[in-house]
Amino acid sequence: MSGSVSSAGSAGRAAPQATHSDTSGRFRAPHSGQSKGPLIAGARVRLHGQGAPIGSQCLTVLRRFLYARARRGGPFWASSAAYEEPSVIVCPRCSKDNQDHYKFCLGCGAELPRDQAQPKNFAAPTPPAGVPTAGPDSGAQFGGAASAPAAPAPAAPAPAAPAPAAAPTPSAPAPAAPAPAAAPAPAAAPAPAAAPAQPEMVKCPSCGSNVPHNFKFCGSCGHDMSKADAPAPAAAPAAAQPAAGGGPGSATLVLIRPDGTEGDSFPIEGSTVIGRETAGPFASDSYLSPQHAEFSFDNGALSVRDLDSLNGVYYRVAREQPIELAPGAVFRIGQEILRYEAMPEAKAPQDGATLMGAEDPGYVGRVRLVVGRESHGASFCIPPEGIHMGRERGDVIFPEDGYVSGLHCRVHPEGGKIWLTDVGSSNGTFFRVGGSHSVGRGELLLMGQQLFRVDY
80 MSGSVSSAGS AGRAAPQATH SDTSGRFRAP HSGQSKGPLI AGARVRLHGQ GAPIGSQCLT
140 VLRRFLYARA RRGGPFWASS AAYEEPSVIV CPRCSKDNQD HYKFCLGCGA ELPRDQAQPK
200 NFAAPTPPAG VPTAGPDSGA QFGGAASAPA APAPAAPAPA APAPAAAPTP SAPAPAAPAP
260 AAAPAPAAAP APAAAPAQPE MVKCPSCGSN VPHNFKFCGS CGHDMSKADA PAPAAAPAAA
320 QPAAGGGPGS ATLVLIRPDG TEGDSFPIEG STVIGRETAG PFASDSYLSP QHAEFSFDNG
380 ALSVRDLDSL NGVYYRVARE QPIELAPGAV FRIGQEILRY EAMPEAKAPQ DGATLMGAED
440 PGYVGRVRLV VGRESHGASF CIPPEGIHMG RERGDVIFPE DGYVSGLHCR VHPEGGKIWL
500 TDVGSSNGTF FRVGGSHSVG RGELLLMGQQ LFRVDY
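Throughout, the numbering used here is defined as the position within the sequence shown, counted from one, plus 79.
This is the structure:
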């Protein structure tokens with residue numbers, strides 16, 4: 080027979096070469112260094128001579144291939160992989176079998192444990208089902224089929240145990256009934272000594288938080304609890320009882336975070352001075368003075384007094400409710416601190432010339448930007464119709480201050496007085512306390528860079 084064998088990807092115009100074959104019936108390429116396996120797959124036979132018809136040549140090739148397969152063992156339709164038991168990894172998430180060369184499960188994508196490839200292969204329930212086929216195989220080689228299963232036996236005791244125990248299993252449900260009885264045990268779990276531990280909680284003298292008596296520091300403010308003892312908090316409730324009888328009252332300052340949630344709380348008992356020296360939520364605020372403000376009760380009413388602090392104490396102005404601005408009054412919108420001043424009377428020119436920059440007699444006042452205790456920045460004159468302030472709209476805008484609303488407040492004259500009105504801002508308009516201020520329940524106070532709600 081004359082012909083040549085070339086790979087499926089080679090050019091069709093390759094020069095014809097004689098084929099070579101050995102006794103095994105395999106075709107080999109004429110050049111060295113190529114695969115020694117059968118070339119039935121991925122090869123094509125081309126005729127170049129006056130050989131036998133193409134049909135007989137195909138039969139010859141097929142016959143030699145089947146003969147080679149028979150010599151290697153197994154039917155021609157079975158691949159060699161069928162005789163090599165592939166190790167698989169069972170996915171711990173979805174229980175899908177995956178070949179050991181996969182790193183991730185083909186079913187759910189979970190990462191496969193590499194160390195479980197061998198055990199999972201032997202623990203599969205295939206051996207019991209394939210005992211008839213495995214028996215002759217092992218018997219032909221070793222002559223002892225019993226010894227071969229002995230090795231898998233240790234790996235499969237878990238499934239084997241349930242099988243013999245199938246008969247005792249009916250009785251097993253009876254012991255299973257005590258398992259529910261174990262449920263009362265969790266019921267006992269709620270009985271941990273947490274309840275007795277509650278009386279051993281002590282109040283932090285700095286922030287008022289409950290702290291276990293054996294803690295050295297407060298978990299809320301870091302106050303040293305070694306100087307605080309359990310009897311001290313017991314005295315606090317005693318102070319709260321006189322409040323009901325008309326004595327000194329008690330209140331709580333609740334910190335409001337920028338996102339609107341509640342933070343730490345600070346108790347107020349009778350007359351209380353707060354500031355940076357008070358620790359708690361005030362210690363880390365550098366805009367607070369060491370002694371910033373004093374809270375006190377008078378006949379059950381709470382008031383706050385500014386202790387000549389540098390940055391002052393502010394309370395929030397109600398929306399759409401004008402508040403009078405006296406000369407020197409200070410208010411705050413966002414991060415901007417503003418002071419109202421009455422417009423001084425314009426001086427008559429002596430020689431008929433008007434000084435440039437002099438006050439216009441048509442203005443009713445001005446608002447000045449405060450940059451220090453006695454320092455001012457830009458000034459904004461107030462015309463008879465008033466001015467609006469905001470971040471985007473109005474006569475005076477602060478585009479760089481994100482805490483100022485688009486249209487925040489209005490300063491306007493009415494009835495011979497100057498008024499400040501919040502026009503519905505998001506973060507509010509705050510008025511600085513001059514002297515003392517009566518604090519209402521739930522009122523918001525701004526001290527330093529922190530906002531507090533007063534509860535009492």
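For each residue, glycine too, the CB sits at the ideal point set by N, CA and C.
Here the structure is a predicted model, which is why all the values come from computation and not from measurement.
Range covered by the beta strand (DSSP E) that runs through residue i
| i | result |
| --- | --- |
| residue 51 | Nothing can be reported for residue 51, as the shown portion of the chain is limited to 80 through 535. |
| residue 435 | Unbroken run through residue 435: none, as it is neither H nor E. |
| residue 457 | 455 to 461 |
| residue 418 | 415 to 421 |
| residue 336 | Unbroken run through residue 336: none, as it is neither H nor E. |
| residue 176 | 176 to 178 |
| residue 348 | 341 to 348 |
| residue 534 | 529 to 534 |
| residue 444 | 444 to 449 |
Residue i vs residue j beta-carbon contact at 8 Å
| i | j | result |
| --- | --- | --- |
| residue 522 | residue 393 | no |
| residue 462 | residue 441 | yes |
| residue 447 | residue 465 | no |
| residue 179 | residue 169 | no |
| residue 386 | residue 373 | yes |
| residue 526 | residue 302 | no |
| residue 391 | residue 532 | no |
| residue 450 | residue 409 | no |
| residue 334 | residue 528 | no |
| residue 353 | residue 331 | no |
| residue 445 | residue 458 | yes |
| residue 285 | residue 359 | yes |
| residue 470 | residue 389 | no |
| residue 491 | residue 412 | no |
Nonlocal neighbours in the same chain, by C-beta distance under 8 Å from residue i, ignoring five residues either side
| i | result |
| --- | --- |
| residue 276 | Here the model assigns residue 276 a pLDDT of 46, short of 50, so the residue's position is not dependable and the matter cannot be decided. |
| residue 173 | 184, 186, 187 and 189 |
| residue 351 | 373, 374 and 375 |
| residue 355 | 361, 362, 364, 365, 367, 368, 369 and 371 |
| residue 278 | Any reading at residue 278 is ruled out, since the residue's pLDDT is 46, under 50, leaving its predicted position unreliable. |
| residue 535 | 328, 329, 330, 331, 347, 381 and 520 |
| residue 175 | 169, 184, 185, 186 and 187 |
| residue 456 | 447, 448, 449 and 450 |
| residue 300 | 283, 285, 286, 288, 343, 358, 359, 360 and 362 |
Opposing strand residues paired with residue i [DSSP bridges]
| i | result |
| --- | --- |
| residue 398 | 501 |
| residue 475 | 468 |
| residue 289 | 282 |
| residue 516 | 383 |
| residue 511 | 393 |
| residue 364 | Note: residue 364 sits in no beta bridge, so no partner. |
| residue 372 | 353 and 385 |
| residue 496 | 493 |
| residue 304 | Answer by DSSP bridge pairing: none, since residue 304 is not bridged. |
| residue 522 | Residue 522 is not bridged to any residue. |
| residue 411 | 416 and 509 |
| residue 167 | 178 |
| residue 329 | 348 |
| residue 377 | 380 |
| residue 190 | 183 |
| residue 144 | Its beta-bridge partners do not exist; DSSP assigns none. |
| residue 403 | 498 |
Same chain, Cβ closer than 6 Å to residue i, neighbours up to 5 away in sequence not counted
| i | result |
| --- | --- |
| residue 507 | 395 |
| residue 474 | 466 and 467 |
| residue 321 | Here residue 321 scores only 37 on pLDDT, less than 50, and its place in the model should not be relied on; the value that follows carries that caveat. Nothing listed; no residue qualifies. |
| residue 503 | 398 |
| residue 401 | 498 and 500 |
| residue 460 | 442 and 445 |
| residue 298 | none |
| residue 404 | 419, 497 and 499 |
| residue 139 | none |
Own chain, CB closer than 7 Å to residue i, minus 5 neighbours either side, in chain order
| i | result |
| --- | --- |
| residue 505 | 484 |
| residue 289 | 280 and 282 |
| residue 287 | 344, 345 and 346 |
| residue 313 | With a pLDDT of only 42 at residue 313, under the threshold of 50, the placement of this residue in the model should not be trusted, and no figure is reported. |
| residue 177 | 167, 168, 170, 184, 185 and 191 |
| residue 406 | 419, 420 and 421 |
Query raised in the report: Do the segment 339 to 359 and the segment 475 to 483 meet, that is, are 3 or more Cβ pairs less than 8 Å apart?
Result: No, they do not touch.
>> I want to know whether the segment 377 to 389 touches the segment 513 to 527 - three or more CB-CB distances under 8 Å.
In response: In this structure the segment 377 to 389 lies against the segment 513 to 527, because at least three pairs of beta carbons, one per stretch, are closer than 8 Å.
- Do the segment 411 to 431 and the segment 495 to 515 meet, that is, are 3 or more Cβ pairs less than 8 Å apart? Output reads yes: the segment 495 to 515 touches the segment 411 to 431.
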